[in-house]
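Report on the structure given below.
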Amino acid sequence: VAPEPSGPGRGLWRLYDRHRDRVFRHAYRLCGNHHDAEDIMAASFLELWRRRKHVRVVEGSILPWLLVTTTNISRNSARAALRYQRLLNALPRTEDLSDPTADSYRSYQDALDQDFARALATLTTEDLHLVTLVIFEEHTIVAAAALLGLSPGAAKSRMHRARQRLRAALDGDASTHPPTAPTPVLEGERP
Amino acid sequence: MNQFHVDDLFSDALRAELVSQVTKEAPAAKRRRTRAWLGTGALAGAGLLGVGAAAAGLFVIPGGEKVTPLASPVTRTYTGTATVELGNPPEGTTGIQMEF
């Protein structure tokens, strides 16, 4: 692991280390593809630096802003990727030598991940932001509403509709992918 | 399960790139600030110069009145009725100005 720099880049270095994994997991959740998730995660952090004057801090953290940006980038990935395309292509990657089709667990998991990404794609961008912040990242509805510029009441009713839509999208797949269909998002109702 | 983790090689390179963007930006921001200050200074200087010049009467508003003193002022002190000798009017005189 490279040593932490002492100059002006240290702050961004620390933020990256702190939030990298959650941003990556969120990006992966949205696209269901490892390579694309890396690109989206990288673009989110590059946007964090480029738009640093406009970042909104919620409850002392920039993570909610990062997650919303990640969602936006994954929805406009063509446009966002274009800005950083050269840079992203220049970053080195470990070649994945294992053939995903050879590993049955892996291919099944990939199929589930992509189903889940497709279900999330049925939500509107605003609803996806809410689901991300409230269900996946366990922020309060009030905090999420503040970040998204909604009233808590409006956020709550949006959440309710988003859950229903997500449930419908996932149930639609239940016939083709029996009981193991990923439903953690529907477990543990929050107040 | 490696699809749930960022590739270390990629991650390290990205982190280095982020830090290099910050360090690249730092001197540029300083230069921009210096330029902004210089610009503001130049503007303020030009403004002051304009005000000074206007006060000194270097500019005449088109169609405005232009006063050119032709003779040196004559200052006398009197009480009661008096006659002030102004001498011969210089060439081109069109009026006199009096102050009490």
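So the sequences go chain by chain: Z and X.
When you line the first sequence up against our numbering, it's residues 1 to 191, in that order.
When you line the second sequence up against our numbering, it's residues 1 to 100, in that order.
Think of the CB as a built atom: it goes at the ideal place given N, C-alpha and C, for glycine as much as any other residue.
Here S72 of chain X carries a coil assignment [DSSP, helix/strand/coil].
Inclusion of W13 of chain Z and R33 of chain X in the CB contact set at 8 Å is not warranted, their separation being larger than that value.
Only those residues of the segment 6-23 of chain X whose C-beta falls short of 8 Å from the nearest C-beta of chain Z are listed: V6, D7, D8, L9, F10, S11, D12, A13, L14, R15, A16, E17, L18, V19, S20, Q21, V22 and T23.
Approximately 5 Å separates the beta-carbon atoms of T69 of chain Z and E47 of chain Z; this is inside 8 Å, confirming the contact.
Per DSSP, reduced to three states, the secondary structure at S61 of chain Z is strand. When C-beta atoms of the segment 44-52 of chain X are compared with those of the segment 71-90 of chain Z, fewer than three pairs fall below 8 Å, so the two segments do not count as touching. Taking CB atoms only, F45 of chain Z has a neighbour in chain X less than 8 Å away.
One finds nothing in chain Z with a Cβ atom closer than 7 Å to the Cβ of A42 of chain X; even the nearest lies about 26 Å away.
The contact set of A26 of chain X on chain Z, defined by CB atoms closer than 9 Å, consists of G7, P8 and G9 in chain order. Chain X has no Cβ within less than 8 Å of the Cβ of W65 of chain Z.
Across the set Z:T132, Z:L63 and Z:L112, the C-alpha of Z:L63 shows the shortest separation from the C-alpha of R18 of chain Z. Counting the other CB atoms within 10 Å of its CB gives T71 of chain Z a total of 16 or more, which places it among the buried residues. With a contact defined as Cβ atoms closer than 8 Å, R20 of chain Z and S11 of chain X qualify at about 7 Å.
Taking C-alpha positions only, V23 of chain Z is separated from S44 of chain Z by approximately 8 Å. Look at T94 of chain Z: its C-beta is under 8 Å from a C-beta on chain X.
The DSSP-derived three-state label of T83 of chain X is coil.
Close partners of L12 of chain Z in chain X (Cβ separation under 7 Å): L18, V19 and V22. W49 of chain Z sits close to L18 of chain X, with the two beta carbons spaced by under 8 Å. When C-beta atoms of the segment 123-139 of chain Z are compared with those of the segment 106-115 of chain Z, fewer than three pairs fall below 8 Å, so the two segments do not count as touching. In this structure L166 of chain Z is not in contact with A121 of chain Z, their Cβ atoms being roughly 11 Å apart against a cut-off of 8 Å. Contact check for A42 of chain Z against Y84 of chain Z passes: the beta carbons are separated by less than 8 Å.
The beta carbon of R163 of chain Z sits no closer than 8 Å to any beta carbon of chain X.
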